[in-house]
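Residue numbers (the working numbering): 254 to 796.
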């Protein structure tokens, strides 16, 4: 831990220099539910083929038309009209502290339109270029999809700005009817919401435009296909367009339940729903937390593996002898004609990038950005008005098919792969580094905020200060993780654990760099008992 850089000192250095520089999870926290009065959102972009990098858009010369490329595949879709006024974006945020994230719920395949002119990823990133607020963003998303046609499947969007937090769910109308049906609900202040690859908006108020807006034909399309009969007031978006099954509850809603359970009371009553056993016991769309949620608490919520529940991934035989909370895909397997599932937790190995977005009142927003698995990777603070992307996070610095020695994605993956091998030891050590870094970074942001406020009348200098801070923090984190990778190899090689004193490895006193303490921790008790039950007659020691 002595390798951890002190970010508070870094802030002071900046002041002196400048004065002389397909499967995702979203948690949403409203201002009244957060410790600092900010709206917050999380996003884990989980895909086996997604490379973790920080996208940047800088408005250039105006052209009448702009190209649209499908985010998931890189497929060229076509052109749409450009907007004259556009805003700078960083990842899933823009310079006005608007954040838009998503999870894909898929839904009815009959409603997909492969000839649509815009996909869900382009809806997000183009809207960030054009909107200042969440409400503006909803209008733009609807207009784009209805004008050009929508070529993706069902999506849940999270939209937050400095004042409001919304959840929006949408799906196409089918190949013969251009556009989308949708509903958006404003999350009540003081509450938290979440979605994880399953539509969650059921019935909704039809006469509250301040807090709920929707497509005029949102129920009519379901009626046309025979998925709904009855009055508008009884229409459920989720039930009509994404009916529940075991996988939707166990693989998707369970992640929402685990988050709600961690922050709110009485959530164990929905355990049978989360486990996929009782679709009639559906959870609420949002819950009131029993305490205010800090940014660090929200970061850690994204590191969940169902610890402390029946689905705890660290305790069964699948965790091996080192308590590893990961199961390699596929999620389903069969034994003697019976189908079983592996759990799909919030923290997962195939994350490309993940984030916690803070839309802060009267302050510039913070994009806390990380690459790879949230449980083994730290977040670094990026001011959303930054003018530059750190080199270690830059698009083009490595790819899923090309290793880069200067890429944050690859160094966090190196550390994670080693942690997976001996999670109860190496994973715990990595988490110590994660927590120390993030706690220091939070303090550093608070200090930097004060300095920026002191020169708020000099916007250009304040923006450059925020940029330099963001870039240098990311680089310090990259250096820290590069050193951590080497340290872990030395400490844990070959199943042993070398002893340390005062932050240094202990030698045997002969001056030859020979370890003086080597521990052999072996395997967990669960694993030893499982091996004894499986092959005890062969392995038993005969006296």
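Glycine residues also receive a C-beta, built at the ideal position from the N, C-alpha and C atoms.
Under the three-state reduction of DSSP output, residue 292 falls in the strand class. No Cβ-Cβ contact shorter than 9 Å links residue 527 with residue 552. CA-to-CA, the gap between residue 734 and residue 423 works out to about 39 Å. Rounded to the nearest angstrom, the Cβ distance from residue 372 to residue 330 is 7 Å, consistent with a contact under 8 Å. In the assembly as shown, residue 722 is a buried residue. Its beta-carbon has 16 or more other beta-carbons within 10 Å.
Between residue 536 and the set 513, 290, 652, the nearest pair of CA atoms involves 513.
As the crow flies, the alpha-carbon of residue 741 is around 16 Å from that of residue 730.
Of the other Cβ atoms in all chains shown, 16 or more fall within 10 Å of the Cβ of residue 349; this residue is therefore buried. By the neighbour-count definition (other C-beta atoms within 10 Å, threshold 16), residue 655 is an exposed residue. Residue burial is scored here from C-beta neighbours: residue 482 has fewer than 16 other C-beta atoms within 10 angstroms and is therefore classed as exposed. 9 Å or more divides the Cβ of residue 325 from the Cβ of residue 604. When only Cα atoms are considered, residue 472 and residue 404 end up about 21 Å apart.
Note that the stretch 625-639 does not touch the stretch 586-597; fewer than 3 beta-carbon pairs, one per stretch, sit closer than 8 Å. In this structure, residue 419 lies near residue 387, with their beta-carbon atoms less than 9 Å apart.
Here residue 439 carries a strand assignment [DSSP, helix/strand/coil].
The stretch 437-445 makes contact with the stretch 537-549, as at least three CB pairs between them are under 8 Å. In this structure, the alpha-carbon of residue 778 lies about 44 Å from that of residue 699.
By the neighbour-count criterion, in which a residue is buried when 16 or more other Cβ atoms sit within 10 angstroms of its Cβ, residue 318 is exposed. Approximately 7 Å separates the beta-carbon atoms of residue 610 and residue 293; this is inside 8 Å, confirming the contact. Looking at the backbone, the Cα of residue 383 and that of residue 608 are separated by about 21 Å.
For residue 332, the enclosing beta strand (DSSP E) starts and ends at 329-334. When only Cα atoms are considered, residue 620 and residue 548 end up about 11 Å apart. Here residue 310 is bridged, per DSSP, to 342. Here residue 302 carries a coil assignment [DSSP, helix/strand/coil]. Residue 758 has its alpha-carbon roughly 47 Å from the corresponding atom of residue 615. Taking 9 Å as the cut-off, the beta carbon of residue 557 is found no closer than this to the beta carbon of residue 503. Beta-bridge partners assigned by DSSP to residue 634: 621.
Using a 10 angstroms sphere on the CB of residue 582, the tally of other CB atoms stays under 16, which defines it as exposed. Contact between the stretch 561-578 and the stretch 646-665 is absent, with fewer than three C-beta pairs closer than 8 Å. The criterion of a C-beta distance shorter than 9 Å is satisfied by residue 578 and residue 567. Listed as beta-bridge partners of residue 760 by DSSP are 768. Taking C-alpha positions only, residue 487 is separated from residue 478 by approximately 17 Å. If you check the CB distance, residue 381 and residue 310 come in under 9 Å. Contact annotation: residue 369 and residue 402 have beta-carbon atoms nearer than 9 Å.
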